[in-house]
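No gaps in the numbering here: position 39 of the sequence shown is 1048 in my numbering, and each next residue is one more.
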Amino acid sequence: MPETATLSAKFQISIPKAIRTAQHWEAGLTFAFIPKGTGVLLVPVPKREALAGIAKGASATDYRDRSDRV
């Protein structure tokens, strides 16, 4: 059975320990809530340092902007 949590009277949810441990989530981590149909996707927001070099080798050639679209 999947892990579950209950929304408190203060509209807070505690993430189950098994999930936090498996995902290596720690206190203070920021999350984004992305609506998906009748549910919501909970995604940790990466820190700036983690994004360094993510576009290494990317080229701006062959870039399409709005004026190229049909």
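We treat Cβ as the ideally placed atom computed from N, Cα and C, and that holds for glycine.
Strictly by DSSP, which residues pair up with residue i?
i        : result
Pro-1053 : Phe-1040
Gly-1066 : Paired residues: none, contrary to the question.
Lys-1045 : Gly-1048
CB residue i to CB residue j, shorter than 8 Å?
i        : j        : result
Ile-1022 : Leu-1016 : yes
Thr-1030 : Val-1054 : no
Ala-1041 : Val-1052 : yes
Over what stretch of residues does the alpha helix (DSSP H) that includes residue i continue unbroken?
i        : result
Lys-1019 : Careful: Lys-1019 lies outside any alpha helix (DSSP H) and carries neither H nor E.
Ala-1027 : 1026-1032
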